[in-house]
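Asks: Here it is: the structure, laid out below.
There are 2 protein chains.
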Amino acid sequence: MNIGQYSFDDFVDEVRKFHGSVAPGIIAGGIMVDIARQNLPEGEFFDVICESAKCLPDAVQLLTPCTIGNGWLRIINTTRYAITMYNKYTGEGIRVYLDADNLADWPDIKNWFFRLKPKHEQSLESILKSFHDAGQSIYATQKVQISPEFLAGTRKKHRAITICPSCNEAYSADLGELCPACQGKLPYTSTG
Amino acid sequence: MNIGQYSFDDFVDEVRKFHGSVAPGIIAGGIMVDIARQNLPEGEFFDVICESAKCLPDAVQLLTPCTIGNGWLRIINTTRYAITMYNKYTGEGIRVYLDADNLADWPDIKNWFFRLKPKHEQSLESILKSFHDAGQSIYATQKVQISPEFLAGTRKKHRAITICPSCNEAYSADLGELCPACQGKLPYTSTG
């Protein structure tokens, strides 16, 4: 089986290069991206929502033009293993998720997905082979309509930039009289 | 000048491939990654925080092993143009930001950074040339100590996974009796 423009094995290599390790979740994610694409009209401009911050976003970034930095990929972290690809103008989309009801025949995937065994007792090779052999059979799809605030043209663009009088750094002016960092907690303290 | 392992022009090509367009912010981000690295001990394991969701995360993903999907890159969106790279065990790090005080000699960068001109009136070529010629001179650094909750070993790992009784999908069991999607609003409605 292929994943996107890659053979299965080549995709595994791409994952290793980009993600730093071969996480089974990105292999699943790659197959999910393919399923979503097969269910969308060809040539359509789509955006993506991932419902998990783990692994799935990297599959999307490897296989589609959508990245975190260009804003076409967003994470709404429900911790569910699902991606939604949707027409960025109409909001019509397809949601693809790993359906746990389909894992009875795939104990390696089940152990990995539900974390039933410690990682060191699981075989990466067996998990990957199972994902390869299961193909598209363990996923399910759902048609969805995305809310207007996630569609192109409704997002705020080109907000004015101003200098925060507290930290002297530039920020989006409509977020208040101080930048968000100076309004609230930051995850660090300055040490020099 | 080089950016990471690339010549300036090769990095511009990599940005086009990954991000879909040559956004000046990723060029700035690439230079910021280099500055951060020069200020960290060699061979150290570091994580990254971006303070903007726009462009900067893609520079980090192109030039470091840190991605959104592997969790080594996180976005804390203050809208300030800054990245922090830090030792994931000790929390000692370096924050790099574009210092608007240094833009007097670089009108093209200033117009872009503060959005003083409509995009179609700006010249991408001139902005890129200015970033190239300004090199590392327009950024500033700050030593920081990252809060414990962002350090390795303190993050919750291997949380139990359970099936949501409402949607029948798997989620992190410690997030409540229903998955977060069924607890609250989702950005879509099911249409089939």
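Taken in sequence, the protein lines are chains A and B.
The working numbering applies: residue -11 is where the first sequence begins, and numbers increase by one.
The working numbering applies: residue -11 is where the second sequence begins, and numbers increase by one.
Every residue, glycine too, gets a C-beta built ideally from N, C-alpha and C.
Measure the alpha-carbon distance for A/Thr129 versus A/Leu44 and round it to whole angstroms.
Replies: Straight-line Cα distance between these residues: approximately 16 Å.
Asks: Where does the unbroken alpha helix (DSSP H) through B/Asn99 begin, and where does it stop?
Replies: Element bounds for B/Asn99: Pro95 to Phe101.
Asks: Which chain A residues are close to B/Phe(-1), counting only those with a beta carbon under 9 Å from its beta carbon?
Replies: In chain order: nothing, as chain A lies at least about 14 Å away.
Asks: Consider the Cβ of A/Phe102: report whether some Cβ of chain B lies at a distance smaller than 8 Å.
Replies: Yes, A/Phe102 lies at the interface with chain B (some Cβ there is under 8 Å from its Cβ).
Asks: Among B/Ala122, B/Ser160, B/Ser125 and B/His7, which one has its Cα closest to the Cα of A/Leu61?
Replies: The residue with the shortest Cα to Cα distance from A/Leu61 is B/His7.
Asks: For A/Arg68, decide whether its Cβ has a neighbour in chain B, counting only Cβ atoms nearer than 8 Å.
Replies: Yes, contact with chain B.
Asks: Suppose you measure from the CA of A/Lys98 to the CA of B/Pro106; what does that come to, to the nearest Å?
Replies: One C-alpha to the other measures close to 52 Å.
Asks: So A/Leu44 contacts chain B; which residues on that side make the cut at Cβ distance below 8 Å?
Replies: Within 8 Å Cβ-Cβ: Gly57.
Asks: Candidates B/Ile23, B/Val21, B/Glu80 and B/Asn27: which alpha carbon is nearest A/Tyr176's?
Replies: A/Tyr176 has its Cα closest to that of B/Glu80, out of B/Ile23, B/Val21, B/Glu80 and B/Asn27.
Asks: Taking the C-alpha atoms as reference points, what is the distance between B/Phe33 and B/Gly18?
Replies: Each residue's Cα considered, the two are about 19 Å apart.
Asks: Along the chain, where does the beta strand (DSSP E) that runs through B/Ile64 open and close?
Replies: Counting along the chain, B/Ile64 falls outside any beta strand (DSSP E), and DSSP gives it neither H nor E.
Asks: Using the beta-carbon count (16 or more within 10 Å), is B/Thr78 buried or exposed?
Replies: B/Thr78 should be labelled exposed.
Asks: Taking the straight line between their C-alpha atoms, what separation do you get for A/Ile181 and A/Gln26?
Replies: Outside the displayed range of chain A (-11 to 180) lies residue 181 of chain A, so it cannot be described from this structure.
Asks: Below 7 Å CB to CB, which residues in the same chain sit around A/Gly164 once its five sequence neighbours on both sides are set aside?
Replies: Excluding positions up to five away in sequence, the list reads Gln171.
Asks: In terms of residue numbering, what span does the beta strand (DSSP E) encompassing B/Gly81 cover?
Replies: It spans Glu80 to Leu86 - the beta strand (DSSP E) in which B/Gly81 sits, taken as one unbroken run.
Asks: Determine the direct distance from the alpha carbon of B/Asp46 to that of A/Gly59, and round the result to whole angstroms.
Replies: So the two alpha carbons sit approximately 10 Å from each other.
Asks: Return the chain-ordered list of same chain residues with a C-beta closer than 7 Å to the C-beta of A/Thr52, the five sequence neighbours on each side being excluded.
Replies: For A/Thr52, where only same-chain residues beyond five positions count, the Cβ hits under 7 Å are Val21 and Val36.
Asks: So, under 8 Å CB-CB, A/Leu91 and A/Ile126 are touching, yes? Tell me the CB distance rounded to an integer number of Å.
Replies: Yes, they are in contact, since the Cβ atoms of A/Leu91 and A/Ile126 sit about 6 Å apart, within 8 Å.
Asks: Confirm, please, whether the CB-CB distance from A/Ile23 to A/Gln124 is below 8 Å.
Replies: Yes.
Asks: Examine chain A for any beta-carbon lying closer than 8 Å to the beta-carbon of B/Ala24, and answer yes or no.
Replies: Chain A contact via Cβ: absent.
Asks: Could you give the DSSP three-state label for A/Gln130: helix, strand or coil?
Replies: Strand at A/Gln130.
Asks: What in chain B is Cβ-close to A/Gly8, meaning under 9 Å?
Replies: Those within 9 Å of A/Gly8 in chain B are Pro53, Cys54, Thr55, Asn58 and Trp60.
Asks: Can you tell which of A/Pro168, A/Glu39 and A/Ala140 has the C-alpha that lies nearest to the C-alpha of A/Pro153?
Replies: Of the candidates A/Pro168, A/Glu39 and A/Ala140, the one whose C-alpha sits nearest the C-alpha of A/Pro153 is A/Pro168.
Asks: Can you tell me which of B/Arg147, B/Leu50, B/Gly180 and B/Thr179 puts its alpha carbon nearest to the alpha carbon of A/Thr67?
Replies: Comparing Cα positions, the closest option is B/Arg147.
Asks: Between the Cα of A/Leu86 and those of A/Trp100, A/Ala140, A/Lys76 and A/Tyr74, spot the shortest distance and give me the residue it belongs to.
Replies: With distances taken between Cα atoms, A/Leu86 lies closest to A/Trp100.
Asks: Got a sec: which bits of the stretch 131 to 159 of chain B sit with their beta carbon under 9 Å from any beta carbon on chain A, in order along the chain?
Replies: The residues in question are Lys131, Val132, Gln133, Ile134, Ser135, Glu137, Phe138, His146, Arg147, Ala148, Ile149, Thr150, Ile151, Cys152, Cys155, Asn156, Glu157, Ala158 and Tyr159.
Asks: If you check the beta carbons only, do A/Val10 and A/Leu50 fall under 8 Å apart?
Replies: Going by C-beta atoms, A/Val10 is not nearer than 8 Å to A/Leu50.
Asks: Can you have a look at B/Ser160 and say buried or exposed, based on whether 16 or more other CB atoms are within 10 angstroms of its CB?
Replies: Counting Cβ neighbours within 10 Å, B/Ser160 comes out buried, since at least 16 surround it.
Asks: Rounded to a whole number of angstroms, what is the C-alpha to C-alpha distance between B/Pro12 and B/Ile71?
Replies: Going by the C-alpha atoms only, they are around 16 Å apart.
Asks: May I ask which residues mark the beginning and end of the beta strand (DSSP E) holding B/Ala158?
Replies: Its beta strand (DSSP E) spans residues Ala158 to Ser160.
Asks: Taking 6 Å as the limit between beta carbons, can you name the residues of its chain near B/Val0, skipping five residues before and five after?
Replies: Result list for B/Val0: Val10, in chain order.
Asks: Hey, A/Lys76 and A/Ala140 are a contact pair by Cβ (cut 8 Å); roughly how many whole angstroms apart?
Replies: Contact holds; Cβ gap of about 4 Å.
Asks: Which residue marks the beginning of the alpha helix (DSSP H) containing A/Val21, and which one marks its end?
Replies: Element bounds for A/Val21: Pro12 to Gln26.
Asks: Could you compute how far the alpha carbon of A/Phe102 sits from the alpha carbon of B/Ser111?
Replies: Straight-line Cα distance between these residues: approximately 51 Å.
Asks: Since A/Asp89 is in the beta strand (DSSP E), which residue starts that stretch and which ends it?
Replies: It is not in any beta strand (DSSP E) - A/Asp89 carries neither H nor E in the DSSP assignment.
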